[in-house]
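The C-terminal residue of the sequence shown carries number 274 in the numbering used here, and the numbering is unbroken.
Below you'll find the structure, written out as structure tokens, and then a few comments.
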Amino acid sequence: MVEPMSEQPEILRIQGIHKAFNAHRVLAGIDLSLRACETVSVLGGSGSGKTTLLRLIAGLITPDRGQIFLFGQDIVPLTERELVPVRRRIGVVFQGAALFDSLSVYENIAFPLRLHTRTSEQEIRARVAELLKRVGLPGIEGQLPAELSGGMKKRVGIARALALQPEVVLFDEPTAGLDPKNARTICQLIAQLRRDLCETSVVVTHDLQCAFAISDQIAFVHQGEIIEVASPEAFLHSSRPEAQIFVNGAFEQTSRLRPVEGGISWNSVEAA
Ligand SMILES: Nc1ncnc2c1ncn2[C@@H]1O[C@H](COP(=O)(O)OP(=O)(O)OP(=O)(O)O)[C@@H](O)[C@H]1O
Ligand SMILES: [Mg+2]
């Protein structure tokens with residue numbers, strides 16, 4: 003039986019994170035926590051610092067101030083070398099999939115296994131096949147990224163991020179640039195990973211529909227701070243004007259998402 007969320011261990015805790023680039027203050031006191039099997043979506047306007055937050059969590063950049071506890075350990079003071087075992091436990095799906103163009107799908111997904119483990123070729127073959135099946139693309143090992151559609155590339159990127167069985171997965175704009183059908187497929191895949199593998203994830207997105215469909219919490223970033231953390235339903239009725247503007251803007255862009263009595267109606271998760 004799955005444990006109630008409040009009894010799941012805390013995977014991530016961010017406290018008082020500040021980050022500026024030169025004199026440009028981007029994050030100014032971010033707090034956030036995430037338990038195992040939870041999904042938090044980070045929403046916010048363009049340039050509000052969402053990708054910066056993901057890069058901080060992945061240990062790719064360091065904050066000017068504050069603490070980032072991953073699996074109970076503050077990663078901020080760690081050296082590059084000390085970060086290696088922590089990074090192994092994190093899967094990152096970068097915006098635009100970031101596949102190696104000259105490598106086949108097989109080699110792309112095998113890459114982290116070769117880099118971090120001594121897995122035999124036979125085991126790699128089985129693992130790649132299993133991962134491709136999981137993301138709904140069985141048998142495409144031999145293809146090159148250039149031969150894939152945008153949605154397929156994203157799915158291969160997700161397969162690669164899952165290769166080392168990470169304990170937390172960070173998604174940067176997983177549905178950006180995709181047509182609605184492909185966006186829905188990716189969103190369903192993230193929801194399915196959570197259901198099947200109890201995946202813990204941080205999803206940075208502009209896609210309110212997807213965020214509502216997959217998240218336990220919505221965190222809204224505005225002017226360098228998370229000004230609202232709420233369940234999707236509570237976020238819809240946020241009293242913060244900035245959040246209302248964001249939600250209303252998303253409603254104007256789509257007619258498929260609408261608040262209804264007692265909850266949120268999102269036709270497109272279930273609909274084919
Ligand atoms: N390495 C960097 N050097 C200088 N400025 C940076 C750097 N990385 C990010 N920034 C600046 O920090 C701000 C936040 O950028 P970030 O990419 O985190 O925003 P975002 O919320 O992900 O935006 P988007 O929704 O457009 O992806 C931007 O003004 C950006 O120009
Ligand atoms: Mg970004």
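Glycine included, every Cβ here is placed at the ideal spot set by N, Cα and C.
Distances from the alpha-carbon of isoleucine 142 to those of Val107, Ile220, Glu125, Leu101 put Val107 closest. Taking all protein chains shown into account, glycine 226 has 16 or more neighbouring C-beta atoms within 10 Å of its C-beta and is therefore buried. Put simply, of Leu101, Ile16, Pro182, Gly47 the residue whose alpha carbon is nearest the alpha carbon of phenylalanine 73 is Ile16.
DSSP links glutamine 69 through a beta bridge to Gln17. Where isoleucine 126 is concerned, the enclosing alpha helix (DSSP H) starts and stops at 123-136. Taking 8 Å as the upper bound for CB-CB distance, valine 42 and glutamine 219 are in contact here, some 4 Å apart. Taking a contact as a CB-CB distance under 8 Å, the pair serine 35 and glutamate 12 counts as one, their CB atoms being some 6 Å apart. Around ligand 2, the residues selected by a Cβ distance under 7 Å to any of its heavy atoms are Lys52, Thr53, Gln97, Asp174, Glu175, Val206, following chain order. Comparing C-alpha distances from glycine 98 to each of Lys183, Ile63, Ile160 shows the shortest one belongs to Ile160. Secondary structure at isoleucine 77: coil, using DSSP grouped into helix, strand and coil. Under DSSP, no beta-bridge partner is assigned to arginine 89.
For alanine 60, the CB contacts under 8 Å within the same chain, skipping 5 residues up- and downstream, are Arg89, Ile92, Val94, Leu172 in chain order.
Using a 10 angstroms sphere on the CB of glycine 18, the tally of other CB atoms stays under 16, which defines it as exposed. At a cut-off of 8 Å, the beta-carbon of glycine 152 does not count as near ligand 1: no heavy atom of the ligand is closer than that. When secondary structure is reduced to three states using DSSP, aspartate 198 falls in the helix class. Beta-carbon to beta-carbon, threonine 202 and glutamate 169 are separated by about 6 Å, close enough to satisfy the 8 Å threshold. A heavy atom of ligand 1 is found nearer than 8 Å to the CB of leucine 55.
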